[in-house]
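Reminder that position 192 of the sequence shown reads as 944 in this note's numbering, one-by-one numbering, no gaps. Take a look at the structure set out below.
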Amino acid sequence: MTKFIITRHGQTEWNVEMRMQGQSNSPLTPLGRQQAVALGKRLSDTEIHAVYSSSLERTLDTTEIVCKGRNLRITPLDSLREIALGSWSGQLLADVEKAYPEKVESFWKHPESYEPMPGGETYMELRKRASNALKEMACNHRNETILVVAHGIVLKALYNYFRNQPISDIGGNNPHPKSCCYCEVEWKDGVWYINKWNDTTHYELIPDQYK
């Protein structure tokens, strides 16, 4: 059995500005950093054997905060990066919706028919690379607990994979992961079990001035 604790990075400046991030970088906000601190406190009594993060800045910064004060090596992986959006990255969501209304509708609500912009990738491509990364971790860390820090759509794709759902369910049928949420998943004999998903009870540890 391998246990996974999976989370999304903390809130970023582009999250607040409603910009599409993709694989472009945006700094964590003060609230985003406190979300990571709160998750770190929640995990303070949890033994963690390995840590993997998306190689993007916002996830690495989140991971470092969560793991602060612990002797844990962080392994960055390109396979955990957010979905590639091509020329949409960095643009305001409102501008993209205005320029590509049908494509944006497909992106959010009909992922099975979404055709990415040049330089982008499909949901199936994202799910394949992320799930392959976790399968490799599971095989390499049997009977251990792994922390994985990734992105919102990556988590949606993994949830879709764990539950063996059609790719269409990545859209509105599944919850969108919140910043620094707590997700607990176990891999036993090749089968995935979701114990907890998108839990944010540790938000109560965030000081009021950041909320």
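Backbone N, C-alpha and C fix where the C-beta goes; we use that ideal spot for every residue, glycine too.
Supposed contact pair residue j and residue i - C-beta distance, whole angstroms, cut 8 Å
{"i": "R810", "j": "T874", "result": "Not quite, the Cβ-Cβ distance comes to about 23 Å (not below 8 Å), so this is no contact."}
{"i": "W939", "j": "M753", "result": "7 Å"}
{"i": "S883", "j": "L844", "result": "Not a contact, Cβ separation roughly 31 Å."}
Start and end residues, beta strand (DSSP E) containing residue i
{"i": "E936", "result": "934–940"}
{"i": "N950", "result": "943–951"}
{"i": "Y804", "result": "802–806"}
Helix, strand or coil at residue i [DSSP, three-state]
{"i": "R794", "result": "helix"}
{"i": "A902", "result": "strand"}
{"i": "L824", "result": "coil"}
{"i": "R760", "result": "strand"}
{"i": "K930", "result": "coil"}
{"i": "K755", "result": "strand"}
Residue i - containing alpha helix (DSSP H), residue span
{"i": "T814", "result": "809–818"}
{"i": "E765", "result": "765–769"}
Reference residue i, options the options, closest by Cα
{"i": "V901", "options": "P853, A885, V768, I946", "result": "A885"}
{"i": "D797", "options": "C819, L808, Y804", "result": "C819"}
{"i": "L907", "options": "R894, N895, E936, H893", "result": "E936"}
Contained alpha helix (DSSP H) runs [length at least 4] in the segment 831–898, N- to C-terminal order: If we require 4 residues or more, the alpha helix (DSSP H) runs fully inside the segment 831–898 come out as 845–851, 853–861, 875–892.
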